[in-house]
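S.K.:
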Amino acid sequence: MQVWTVVNQKGGVGKTTSAASLAGSLISQGYKVLLLDLDPHASLSYYFKVEQNSSPNLYDYFLSEADTDVSKLVKQTRHTALDVLPAIGSMATLDRQLGQAEGKGLVIKNLLAHVKKQYDVVIIDCPPVLGVLMVNGLMACNTVIIPTQTEYLAIRGLNKMLQTLDLLAPMMTEKPVIKIVATMFDRRLKACQQAYKALRQEFKSLLWQGYIPTDTKFREASQKGLAICDLDATSRGSFAYEKLCNDLLKERRQ
């Protein structure tokens, strides 16, 4: 089972859109996918019209793994090949409640061990804050996807994210594939072109050799709770995420 974690310590760079779009590309190719929402804002859960307002939930699992049935946490979507394990707002208090409790960085890795025979790929959407939730998302994965808006400030924040990965690396049982993905690229804007050039110069070995363009279809897809490939498979955004998806699958097979 592949586990792709979508993460960045800066918000508004396209993490949730990337998770949803990659999931759509995967299920269109016949893969069984689980989306795991670790962001207390629950944007990915709401994207697919899934809510978790009762127990047991992911918050309960973090507090008491042994007493929580994982199967009861997972929700079905309109797609038979796509399930969602939704976030809940109370997860925002986990850093304060868990503190430095031993082993709490491996909660999600332990959870996924219960479902590894049910899914081909798990995609984890992380909050933009370094804490127990982001650490869990990174410790559980074998591929790290870092969406980065093609603007100067977003690029500056990349080094912080890569430093976090370096800190966690000694504790990871498997060295993950790391892919920086340029998002919200508008070729008409000189600032975007300059930012993309800077990405290629500074992060060449980690940068995916493509980009996600601006596309109004992304907004329409999120409003309808659809992956962009389900809304319009011929759109620029759909083509871009299909290429990214295929490149990630190919890299994991190598």
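Numbering (the UniProt record's numbering), first residue to last: 1 to 254.
C-beta: ideal position from N, C-alpha, C; glycine also.
Since we're looking at a predicted model, the values are computed, not measured.
According to DSSP, simplified to helix, strand and coil, what is L63?
M.R.: Working through the sequence shown from its first residue, we reach residue 63 at position 63. L63: helix per DSSP, three-state reduction.
S.K.: What whole-angstrom Cβ distance do I145 and V6 have, given they're in contact under 8 Å?
M.R.: In the sequence shown, residue 145 corresponds to position 145, counting from 1. In the sequence shown, residue 6 corresponds to position 6, counting from 1. Contact holds; Cβ gap of about 5 Å.
S.K.: For D166, does the three-state DSSP call read helix, strand or coil?
M.R.: In the sequence shown, residue 166 corresponds to position 166, counting from 1. Three-state DSSP puts D166 in a helix.
S.K.: Put K179 into one of helix, strand or coil per three-state DSSP.
M.R.: On the sequence shown, residue 179 is found 179 positions in, with the first residue counted as 1. K179 carries a strand assignment under DSSP once its states are collapsed to helix, strand and coil.
S.K.: Could you tell me which of G131, L106 and V107 sits nearest to G99, measuring between CA atoms?
M.R.: Within the sequence shown, the letter at position 99 stands for residue 99. Comparing Cα positions, the closest option is G131.
S.K.: Starting from T143, trace the beta strand (DSSP E) in both directions and tell me its first and last residue.
M.R.: Counting from 1 along the sequence shown, the entry for residue 143 is found at position 143. Run containing T143: T143 to Q149, per the beta strand (DSSP E) assignment.
S.K.: Apart from the five residues just before and just after residue 330, which ones in its own chain have a Cβ nearer than 7 Å to its Cβ?
M.R.: Nothing in the structure corresponds to residue 330, since the chain is present only between 1 and 254.
S.K.: Would you list the one or two residues that DSSP bridges to D37?
M.R.: Locating residue 37 in the sequence shown gives position 37, counting from the first residue. According to DSSP, D37 bridges with D125.
S.K.: Bridge partners for Q76 per DSSP, in chain order?
M.R.: For the purposes of this step, residue 76 is taken as residue 76 along the sequence shown, with counting starting at 1. Beta-bridge pairing links Q76 to D83.
S.K.: Counting along the chain, where does the beta strand (DSSP E) carrying T214 start and finish?
M.R.: Numbered from its first residue, the sequence shown carries residue 214 at position 214. Element bounds for T214: n/a, residue is neither H nor E.
S.K.: Output yes or no for whether 8 Å exceeds the beta carbon distance between A221 and V13.
M.R.: Translated into the one-based positions of the sequence shown, residue 221 becomes position 221. Translated into the one-based positions of the sequence shown, residue 13 becomes position 13. No, the pair does not count as a contact, with Cβ atoms beyond the cut-off.
S.K.: How do the segment 8-23 and the segment 43-54 stand: do at least 3 beta-carbon pairs fall below 8 Å, yes or no?
M.R.: yes
S.K.: Among residues of its own chain, excluding the 5 on either side of L133, which ones have a beta-carbon nearer than 7 Å to its beta-carbon?
M.R.: Counting from one through the sequence shown, the residue named residue 133 turns up at place 133. Taken in chain order, the residues that qualify are L38, M91, L94, C126 and P127.
S.K.: Taking the alpha-carbon positions, what's the D83 to I180 distance?
M.R.: Taking the first residue of the sequence shown as position 1, residue 83 is located at position 83. Taking the first residue of the sequence shown as position 1, residue 180 is located at position 180. So the alpha carbons of these two residues sit roughly 26 Å apart.
S.K.: Between I27 and A113, is the Cβ-Cβ spacing less than 8 Å?
M.R.: The sequence position of residue 27 within the sequence shown is 27, counting from 1. The sequence position of residue 113 within the sequence shown is 113, counting from 1. The answer is no: Cβ separation not under 8 Å.
S.K.: Looking only at DSSP bridge pairs, what is L207 linked to?
M.R.: If you number the sequence shown from 1, residue 207 lands on position 207. According to DSSP, which records beta bridges pairwise, L207 is partnered with I180.
S.K.: I'd like the list of long-range same chain contacts for Y196, defined as Cβ closer than 8 Å, with 5 residues on each side in sequence excluded.
M.R.: Walking along the sequence shown from the start, residue 196 turns up at place 196. Non-local C-beta neighbours of Y196 in its own chain, meaning closer than 8 Å and more than five positions away in sequence, comprise T150, A182, F185 and Y211, ordered along the chain.
S.K.: Please tell me whether R187 and D215 are closer than 8 Å, where the distance is taken between their beta carbons.
M.R.: By 1-based counting over the sequence shown, the position of residue 187 is 187. By 1-based counting over the sequence shown, the position of residue 215 is 215. Not in contact: R187 and D215 (Cβ atoms no closer than 8 Å).
S.K.: Kindly indicate which three-state DSSP category Q29 falls into: helix, strand or coil?
M.R.: On the sequence shown, position 29 is the one that residue 29 refers to. Of the three classes helix, strand and coil, the one that applies to Q29 here is coil, per DSSP.
S.K.: Quick check on K204: buried or exposed, where buried means 16 or more other Cβ atoms within 10 Å of its Cβ?
M.R.: Stepping through the sequence shown from its first residue, residue 204 is reached at position 204. It counts as exposed.
S.K.: Anyone know if the C-beta pair for K217 and D232 falls short of 8 Å?
M.R.: Mapped onto the sequence shown, residue 217 falls at position 217. Mapped onto the sequence shown, residue 232 falls at position 232. Going by C-beta atoms, K217 is nearer than 8 Å to D232.
S.K.: In chain order, what residues of the same chain lie with their CB nearer than 6 Å to the CB of D120, ignoring the 5 residues before and after it?
M.R.: Looking up residue 120 in the sequence shown gives position 120. Only Y31 and K32 meet the Cβ criterion.
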